[in-house]
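Below: the structure, in structure tokens.
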Amino acid sequence: YVEDGNYSDALKLYDLVLQQVPDNVSALIDKGVTLQNMGKLKLAIRLYDKVLDISPNNLDALLNKGSALHSSQKYLEAIECYDVALKIDKKCTMALAYKGLSLGEIGELQNAIMHFKKALSIDKHYDLASISKDIAQDLLKSIKEKKSKTQ
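So the sequence shown is residues 14 to 164, counted in my numbering.
In structure tokens, the structure reads:
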């Protein structure tokens, strides 16, 4: 249901599953993702928190919560989620790349580039990391050029 944008139907189905099994981690995460896609970030984060209460090391919940926090412009909180994910799996390319995006948003471009490069060293075909690294490097270059012109 979610694939074709039929979010309300998907939510009804997740609610049916959760009525039967309130702690169904997959249904909670999928419902969270659906809410996130609908722009209901606070509700999505609440569901990810519920999953993390049940299963504190759930990478999907950590990554999705981080992504929802990032979308809410809560970059430092998002980074905390990615750090927890990286403690669980230090080679989690998505956590590395997403952390890079949040670092970029708070102006830590060198640190962001380092995270994109690390993600690419693990998976050289990871497009998000590759594209983001290029953008961050271009941004850093233009900042340095502006500084040299004003000095």
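Heads up, the beta-carbon is just placed ideally off N, CA and C, and yes, glycines get one too.
Please read all numbers here as calculations on a predicted model, not as lab measurements.
Note to self: Using 8 Å for Cβ pairs, my map puts TYR63 next to LEU41. What's the rounded Cβ distance?
What the structure shows: On the sequence shown, residue 63 is found 50 positions in, with the first residue counted as 1. On the sequence shown, residue 41 is found 28 positions in, with the first residue counted as 1. The sequence shown places Lys at residue 63, rather than the Tyr named in the question. That belief holds up - the Cβ atoms of LYS63 and LEU41 are roughly 6 Å apart, short of 8 Å.
Check: Could you give the residue range of the alpha helix (DSSP H) that holds ILE144?
Finding: Locating residue 144 in the sequence shown gives position 131, where the first residue counts as 1. That run of the alpha helix (DSSP H) goes 140 to 163.
Notebook entry, point to check: How big is the Cα-Cα spacing for TYR20 and LYS78?
Noted result: Here residue 20 refers to the residue found at position 7 when the sequence shown is read from its first residue. Here residue 78 refers to the residue found at position 65 when the sequence shown is read from its first residue. Cα to Cα, TYR20 sits roughly 19 Å from LYS78.
Note to self: Counting C-beta neighbours from all protein chains within 10 Å, is the total for ASN71 16 or more, i.e. buried, or is it exposed?
What the structure shows: The residue labelled residue 71 in the question sits at position 58 within the sequence shown. With 16 or more Cβ atoms within 10 Å of its Cβ, ASN71 is classed as buried.
Margin query: So, for SER115: in the same chain, excluding its five sequence neighbours on each side, which residues have a beta-carbon less than 6 Å away from its beta-carbon?
Written below: On the sequence shown, residue 115 is found 102 positions in, with the first residue counted as 1. So the qualifying residues of the chain are HIS83, TYR88, ALA91 and ILE92.
Checklist line | Exposed unless 16 or more other CB atoms sit within 10 angstroms - verdict on ILE144 | finding: Position 131 of the sequence shown holds residue 144. Under this definition ILE144 is an exposed residue.
Notebook entry, point to check: Can you check whether the CB of ALA57 is closer than 9 Å to the CB of LEU65?
Noted result: Sequence index remark: in the sequence shown, residue 65 carries index 52 (1-based). Sequence index remark: in the sequence shown, residue 57 carries index 44 (1-based). Contact: no.
Note to self: Please classify GLY12 as buried or exposed, where buried requires at least 16 other C-beta atoms within 10 Å of its C-beta.
What the structure shows: Given a span of 14 to 164 for the chain in the structure shown, any question on residue 12 remains unanswerable.
Note to self: With H, G and I counted as helix, E and B as strand and the rest as coil, what does DSSP make of MET107?
What the structure shows: Translated into the one-based positions of the sequence shown, residue 107 becomes position 94. DSSP places MET107 in helix when its eight states are reduced to three.
Next item on the list: Please state whether DSSP places GLY120 in a helix, a strand or coil.
Entry: Translated into positions along the sequence shown, residue 120 becomes position 107. Here GLY120 sits in coil by DSSP.
Check: How big is the Cα-Cα spacing for LYS159 and LEU153?
Finding: Mapped onto the sequence shown, residue 159 falls at position 146. Mapped onto the sequence shown, residue 153 falls at position 140. For LYS159 and LEU153, the distance between alpha carbons rounds to 10 Å.
Notebook entry, point to check: Helix, strand or coil: which one does DSSP assign to ASN71?
Noted result: One-based indexing of the sequence shown puts residue 71 at position 58. In the structure shown, ASN71 adopts coil according to DSSP, grouped into three states.
Note to self: Quick check on this structure: which residue in ASN124, GLY120 and ALA142 has the alpha carbon closest to the alpha carbon of ILE156?
What the structure shows: Here the question's residue 156 lines up with position 143 in the sequence shown. Among ASN124, GLY120 and ALA142, the Cα nearest to that of ILE156 is on GLY120.
Margin query: Let me make sure I understand the geometry here. Which of ALA125, ILE135 and THR163 has the alpha-carbon closest to that of LYS146?
Written below: The residue you call residue 146 lines up with position 133 of the sequence shown. It is ALA125 whose Cα lies nearest to the Cα of LYS146.
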